[in-house]
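Worksheet: the structure to be examined is printed underneath.
There are 2 protein chains.
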Amino acid sequence: MPRKPKQDRARATVDAIVEAGFIALSQRGPAATTTRHIAEIAGVGVGSLYEYFENKEAIFSAMSQRFIADTAAMIKPLTPTLVQMPIDSAIRMLLNEFRNFLGRDDGRYLKCVRHAMAVDFELHLDPLFQVLNNVIMRYLTGHPETLRVSRIPAITYIGINGGIFAVIRHLSDPDPLVSFDEMADGLASMIGHYIEQELLLLRGVAE
Amino acid sequence: MPRKPKQDRARATVDAIVEAGFIALSQRGPAATTTRHIAEIAGVGVGSLYEYFENKEAIFSAMSQRFIADTAAMIKPLTPTLVQMPIDSAIRMLLNEFRNFLGRDDGRYLKCVRHAMAVDFELHLDPLFQVLNNVIMRYLTGHPETLRVSRIPAITYIGINGGIFAVIRHLSDPDPLVSFDEMADGLASMIGHYIEQELLLLRGVAE
DNA sequence: TAATTTTCCGAATTGAATCCGAACAAGCGT
DNA sequence: ACGCTTGTTCGGATTCAATTCGGAAAATTA
Numbered sequence: 016m017p018r019k020p021k022q023d024r025a026r027a028t029v030d031a032i033v034e035a036g037f038i039a040l041s042q043r044g045p046a047a048t049t050t051r052h053i054a055e056i057a058g059v060g061v062g063s064l065y066e067y068f069e070n071k072e073a074i075f076s077a078m079s080q081r082f083i084a085d086t087a088a089m090i091k092p093l094t095p096t097l098v099q100m101p102i103d104s105a106i107r108m109l110l111n112e113f114r115n116f117l118g119r120d121d122g123r124y125l126k127c128v129r130h131a132m133a134v135d136f137e138l139h140l141d142p143l144f145q146v147l148n149n150v151i152m153r154y155l156t157g158h159p160e161t162l163r164v165s166r167i168p169a170i171t172y173i174g175i176n177g178g179i180f181a182v183i184r185h186l187s188d189p190d191p192l193v194s195f196d197e198m199a200d201g202l203a204s205m206i207g208h209y210i211e212q213e214l215l216l217l218r219g220v221a222e
Numbered sequence: 016m017p018r019k020p021k022q023d024r025a026r027a028t029v030d031a032i033v034e035a036g037f038i039a040l041s042q043r044g045p046a047a048t049t050t051r052h053i054a055e056i057a058g059v060g061v062g063s064l065y066e067y068f069e070n071k072e073a074i075f076s077a078m079s080q081r082f083i084a085d086t087a088a089m090i091k092p093l094t095p096t097l098v099q100m101p102i103d104s105a106i107r108m109l110l111n112e113f114r115n116f117l118g119r120d121d122g123r124y125l126k127c128v129r130h131a132m133a134v135d136f137e138l139h140l141d142p143l144f145q146v147l148n149n150v151i152m153r154y155l156t157g158h159p160e161t162l163r164v165s166r167i168p169a170i171t172y173i174g175i176n177g178g179i180f181a182v183i184r185h186l187s188d189p190d191p192l193v194s195f196d197e198m199a200d201g202l203a204s205m206i207g208h209y210i211e212q213e214l215l216l217l218r219g220v221a222e
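Here the protein sequences come in this chain order: U and W.
Heads up: the first sequence begins at 16 in this note's numbering, then just goes up one per residue.
Heads up: the second sequence begins at 16 in this note's numbering, then just goes up one per residue.
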């Protein structure tokens, strides 16, 4: 039963532990990140970890919370700028800021997020990508007019990755803000509209 | 140094182990899934696990590969049907099939995928969602004409989830098929075009 | 300063992952 | 069928990391 820190010294210890967690995880990976390691990097005894954290998982959980809070804090001040930009520029800016943020401190956050998302999964995703790419390829050759729309590879990449993650997130979400059908309809419409708009632009240029 | 199975009996053992992995993981969760548990469910001795798998992780890895292969096999026969549907219907169908697939065997796959993706992460994602929703909310109120486009909640949900995952996947991808800028441009254009198309449709209806 | 609370520690405990060598089965040439 | 080699299974013994615990040190309070 972990305690809440009451003194500044203790708060510093908690902070050092979380910070050490990020360092250890990014340097050694999740398997090699032992409690002794974290304690050593933090400059505290192993026992101290358990003064404030239920177990090792709880340390990772605290790290996750810290990461999300930092991300939110990074975005918040951008809000006024973002809202008065064209929407596509805003999205581009947001993505770039997020990338830079993940790359800070020699990519410490990025490395941690990869582990946290069990990205070893990624390697095995290839066969699925192949099948889906095949579907898309055949679709395009079967509808020659669509071959001229721009950014096909990028849209494919986003559609597949985003689609997979969105479905899994949604099915894991205890209280989703939109129904599954709404989400499916949204993704379908988004890509459908994209194609339509592109064809429209192409026709406009042709005339 | 694990061996490759040369006899049918051994192949059956490997299969039983992987299958037991799915059962154990879906029933008990990742923390409570011990090697003895897997061995017991598979009906083999603990030692046998290490005949064909480097370690416990390797079993999970094999499970992941199996899962992806099964998913691809599920989609492949749909290809002919998909390619002659309108693109939005095809996407809807794909998403539904994927959902049903994950739900098979009392959601065994879904439970495993959740664990594999370290879904405890999910709980902490909330603050980030709030900030981003706030940005979107302010944008919408600042551009009243966009308030009438349909599926705003769904597009938001997909944009945020899909965007986050796509960025992280991309930054983890050793050999991405598209550059980061292309991907950012793709996501920006996709949502931008969606809005344009919606506004176009709205204008069309108004006239 | 003494009493009390908070914090820190690291040796000892516990339990799961992994190893290993003996026992059992299958293939194979004679 | 029989011995020999190779493939397979097993579960007790070993190893190593997570967690506990009881007391020392530091801070706070009286």
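Where a beta carbon is used, it is the ideal one built from N, C-alpha and C, also for glycine.
Quick caveat, the model's predicted, so the values are computed rather than measured.
Residue-level contact to chain W via CB, residue i, 8 Å cutoff
{"i": "H139/U", "result": "yes"}
{"i": "G60/U", "result": "no"}
{"i": "Y67/U", "result": "no"}
{"i": "N115/U", "result": "no"}
{"i": "D200/U", "result": "yes"}
{"i": "G36/U", "result": "no"}
{"i": "T48/U", "result": "no"}
{"i": "K71/U", "result": "no"}
{"i": "Q99/U", "result": "yes"}
{"i": "I74/U", "result": "no"}
{"i": "A203/U", "result": "yes"}
Proximity below 8 Å, CB of residue i to CB of residue j
{"i": "I53/U", "j": "I83/U", "result": "no"}
{"i": "R153/W", "j": "V164/U", "result": "no"}
{"i": "G44/W", "j": "H139/W", "result": "no"}
{"i": "I173/U", "j": "L202/W", "result": "yes"}
{"i": "T50/U", "j": "V59/U", "result": "no"}
{"i": "S204/W", "j": "R166/U", "result": "yes"}
{"i": "A169/W", "j": "M198/U", "result": "yes"}
{"i": "H208/W", "j": "Q212/U", "result": "yes"}
{"i": "I183/W", "j": "F144/W", "result": "no"}
{"i": "I206/U", "j": "I102/W", "result": "yes"}
{"i": "A181/W", "j": "G177/U", "result": "yes"}
Chain U within 8 Å of residue i, Cβ atoms only
{"i": "R123/W", "result": "no"}
{"i": "N111/W", "result": "yes"}
{"i": "D103/W", "result": "yes"}
{"i": "H52/W", "result": "no"}
{"i": "T86/W", "result": "yes"}
{"i": "R43/W", "result": "no"}
{"i": "A25/W", "result": "no"}
{"i": "Q80/W", "result": "yes"}
{"i": "G219/W", "result": "no"}
{"i": "I32/W", "result": "no"}
{"i": "I90/W", "result": "yes"}
{"i": "R9/W", "result": "Any property of residue 9/W remains undetermined from this structure, which presents chain W solely from 16 to 222."}
{"i": "P159/W", "result": "no"}
{"i": "P142/W", "result": "yes"}
Alpha-carbon to alpha-carbon, residue j and residue i
{"i": "A35/U", "j": "N115/U", "result": "22 Å"}
{"i": "I210/W", "j": "L147/W", "result": "18 Å"}
{"i": "S79/U", "j": "L40/U", "result": "12 Å"}
{"i": "L110/U", "j": "T94/U", "result": "14 Å"}
{"i": "P142/W", "j": "L216/U", "result": "38 Å"}
{"i": "E69/W", "j": "F75/W", "result": "11 Å"}
{"i": "L64/W", "j": "A88/W", "result": "27 Å"}
{"i": "I90/U", "j": "Y124/U", "result": "16 Å"}
{"i": "G157/W", "j": "I106/U", "result": "16 Å"}
{"i": "E66/U", "j": "A57/U", "result": "14 Å"}
{"i": "Q22/U", "j": "T86/U", "result": "27 Å"}
{"i": "D196/W", "j": "A46/W", "result": "39 Å"}
{"i": "R104/U", "j": "P17/U", "result": "For the record, residue 104/U in the displayed sequence is Ser; it is not Arg. Whole-angstrom Cα-Cα distance: 46 Å."}
{"i": "T113/U", "j": "L192/W", "result": "It is Phe, not Thr, that sits at residue 113/U in the sequence shown. Their Cα atoms are separated by approximately 20 Å."}
{"i": "V128/U", "j": "V150/U", "result": "31 Å"}
{"i": "D190/W", "j": "A77/U", "result": "32 Å"}
{"i": "A25/W", "j": "K71/W", "result": "18 Å"}
{"i": "D30/W", "j": "T96/U", "result": "56 Å"}
{"i": "E160/U", "j": "D200/W", "result": "22 Å"}
{"i": "M132/W", "j": "K126/W", "result": "10 Å"}
{"i": "R119/U", "j": "D120/W", "result": "43 Å"}
{"i": "E55/W", "j": "T48/W", "result": "11 Å"}
{"i": "A73/U", "j": "V220/W", "result": "54 Å"}
{"i": "M100/W", "j": "P92/W", "result": "15 Å"}
Residue i Cβ short of 7 Å to the ligand HEM heavy atom set
{"i": "A131/W", "result": "Inclusion of the ligand HEM in the displayed structure is not the case, the ligand content being empty and no account of it being possible."}
What alpha helix (DSSP H) runs, 4 residues minimum, are completely inside the region 140-182 of chain U? Whole alpha helix (DSSP H) segments, 4+ residues: 141-157.
Could you tell me which uninterrupted alpha helix (DSSP H) segments, each at least 4 residues in length, are contained entirely in the region 28-91 of chain W, listed from first to last along the chain? For the region 28-91 of chain W, the full-length alpha helix (DSSP H) segments reaching 4 residues or more read 50-57, 61-67 and 71-90 along the chain.
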